[in-house]
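Student: Starting off with a structure, shown below.
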Ligand SMILES: [Zn+2]
C-alpha cells in the first residue's frame, strides 16, 4: 500500500513538473510579446479561452477533453500530455535509481528539467534561454563542489571552461572561413553548463551524441534549408548521459 502511494505521489509530482515544463516551453519564447510566466492564466492558443481548473490538472486535463478545446473545438497539441508523461517517467527513474531520501536527486531533477526545456525551446524557436543555462552552470558547480556527485570539482570547472571554449573556437574558425556565425552563442553557454555538471571528460561523448541527434533530425526533416538546432541535440544527449550515469553508479 505504501509503495502504491509513493508511486502515485511521484507520478503526480512528475506530471505537475511536466505541466510546468510545457508552460516554460510555450511561454519563455513569448516574453517579448507580453506573455509572462504566470500571466495571463493558461488559455487555448487558438480562441484564447481561459482553461478551467479541471483542464489544468496534469494528465486528467488533456484526457478528459480528448485534446480538444471545449470552446472552439480546436485540436490541442498532444505535446502537453507527452511532456507530462515523459517528465513523470524521468522523475520515477531518478527517484528509483537514486534513493528517495537522497537530496541530490532533487538537483538531478532540476538539471534534467532545465535540459529538457532548453532542448524543446531550441527545437521550436532555434533560440536558447540563457537563464536556464546559467542555472545549469551553477547547479553543476555547486553539486560537484559540495558532493562530487558527477565528478570532482576541478573536472567540473574544467568542463565549464572547455565546454564554452570548444564551441567558441569552432565558431571562430567557421567565421574565418564563411564570414558569419555557424554556432549560436547560446550553445556555448549550454555546453558550458553541461561541462560544469558532468565534467570535461563527458563533453566529447555528449557532443558526439548531441550532434548525431541534430544531424538525424536534419536527415528526417523535409525542410533542408532550416538551421540545425544544435542545442536540442546537446540537451537530449546530456539527459541520456545523466540517466546512464545515475543508473550505472547506483546499481
Ligand atoms: Zn479554443
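In the numbering used here, the protein residues as written are 63 to 313.
Backbone N, C-alpha and C define an ideal beta-carbon position, used for all residues, glycine too.
These figures come from a predicted structure and were not determined experimentally.
#1: Less than 6 angstroms between C-beta atoms, sequence neighbours within five positions excluded: which residues of the same chain meet that for residue 198?
#2: So the alpha helix (DSSP H) residue 202 belongs to, where does it begin and stop?
#3: State yes or no: is the C-beta of residue 231 within less than 9 angstroms of the C-beta of residue 260?
#4: Measure the CB-CB distance between residue 47 and residue 83 and report whether it falls below 9 angstroms.
#5: Which residues does DSSP pair with residue 105 in a beta bridge?
#6: Residue 272 and residue 299 - do their beta-carbons sit closer together than 9 angstroms?
#7: So, helix, strand or coil for residue 130, using DSSP?
#8: For ligand 1, is there a heavy atom less than 8 angstroms away from the beta-carbon of residue 69?
#9: Quick one: what's got a C-beta closer than 6 angstroms to residue 195's C-beta in the same chain, skipping five residues either side?
#10: Could you spell out where the alpha helix (DSSP H) holding residue 81 opens and where it closes?
#11: Ends of the alpha helix (DSSP H) at residue 285?
#12: Return helix, strand or coil for residue 137, following the three-state DSSP convention.
#13: Using the beta-carbon of each residue, find all residues closer than 7 angstroms to any heavy atom of ligand 1 and list them in chain order.
#14: Within a Cβ cutoff of 6 angstroms, which residues of the same chain sit near residue 215, ignoring the five residues on either side of it in sequence?
#15: Among 68, 311, 78 and 91, which residue has its Cα nearest to the Cα of residue 188?
#16: Got a sec? Which residues, its chain only, sit under 6 angstroms from residue 154 by beta carbon, not counting five neighbours each side?
#17: Ends of the alpha helix (DSSP H) at residue 97?
#18: Take residue 76 as the anchor and find which of 146, 139, 106 and 172 has the nearest alpha-carbon.
#19: Taking 9 angstroms as the threshold (C-beta atoms), are residue 219 and residue 203 in contact?
#20: Quick one, which of 294, 242 and 116 has its alpha-carbon nearest residue 279's?
#21: Between residue 248 and residue 148, which are expected to be in contact by the criterion C-beta below 8 angstroms, what is the C-beta distance as a whole number of angstroms?
#22: Under a Cβ-count criterion, where at least 16 other Cβ atoms within 10 Å of its own Cβ denotes burial, should residue 180 be classed as buried or exposed?
Tutor: Quick answer:
#1: Along the chain shown, one-based indexing puts residue 198 at 136. The answer, listed in chain order, is 176 and 255.
#2: Within the chain shown, numbered from 1, the residue matching residue 202 stands at position 140. It spans 192-209 - the alpha helix (DSSP H) in which residue 202 sits, taken as one unbroken run.
#3: The count along the chain shown starts at 1 and reaches residue 231 at position 169. The count along the chain shown starts at 1 and reaches residue 260 at position 198. No. Outside cutoff.
#4: Outside the modelled stretch of the chain, which goes from 63 to 313, sits residue 47, for which no answer is possible.
#5: Within the chain shown, numbered from 1, the residue matching residue 105 stands at position 43. Its beta-bridge partners are 112.
#6: Position 237 of the chain shown, counting from 1, holds the residue named residue 299. Position 210 of the chain shown, counting from 1, holds the residue named residue 272. Yes, they are a contact pair.
#7: For this step, residue 130 is matched to residue 68 along the chain shown. Of the three classes helix, strand and coil, the one that applies to residue 130 here is strand, per DSSP.
#8: Locating residue 69 in the chain shown gives position 7, where the first residue counts as 1. Not so, every heavy atom of ligand 1 lies at least 8 angstroms from the Cβ.
#9: Residue numbering aside, residue 195 sits at position 133 when the chain shown is read from its first letter. Hits under 6 angstroms: 251, 252 and 255.
#10: Counting from 1 along the chain shown, the entry for residue 81 is found at position 19. Counting along the chain, the alpha helix (DSSP H) containing residue 81 begins and ends at 64-89.
#11: On the chain shown, residue 285 is found 223 positions in, with the first residue counted as 1. Note, residue 285: premise wrong, no alpha helix (DSSP H); not H, not E.
#12: Your numbering for residue 137 matches position 75 in the chain shown. Correct three-state label for residue 137: strand.
#13: 106, 108, 109, 111, 131, 133, 134 and 136
#14: Within the chain shown, numbered from 1, the residue matching residue 215 stands at position 153. Once the five neighbours on either side are set aside, the close Cβ partners of residue 215 are 206 and 207.
#15: As a position in the chain shown, residue 188 is number 126, starting the count at 1. Considering only alpha carbons, the answer is 91.
#16: As a working mapping, residue 154 is identified with position 92 in the chain shown. So the list reads 72, once near-sequence residues are dropped.
#17: Numbered from 1 along the chain shown, position 35 holds the residue referred to as residue 97. It is not in any alpha helix (DSSP H) - residue 97 carries neither H nor E in the DSSP assignment.
#18: Counting from one through the chain shown, the residue named residue 76 turns up at place 14. The option with the nearest alpha carbon to residue 76 is 146.
#19: To locate residue 203, count along the chain shown from 1; it is residue 141. To locate residue 219, count along the chain shown from 1; it is residue 157. Yes, the Cβ-Cβ distance between residue 203 and residue 219 is below 9 angstroms.
#20: Position 217 of the chain shown, counted from the start, is the residue given in the question as residue 279. It is 294.
#21: As a position in the chain shown, residue 248 is number 186, starting the count at 1. As a position in the chain shown, residue 148 is number 86, starting the count at 1. Going by Cβ atoms, the distance from residue 248 to residue 148 rounds to 23 angstroms, so no, they are not a contact pair.
#22: Within the chain shown, numbered from 1, the residue matching residue 180 stands at position 118. The residue is buried, with at least 16 neighbouring Cβ atoms inside 10 Å.
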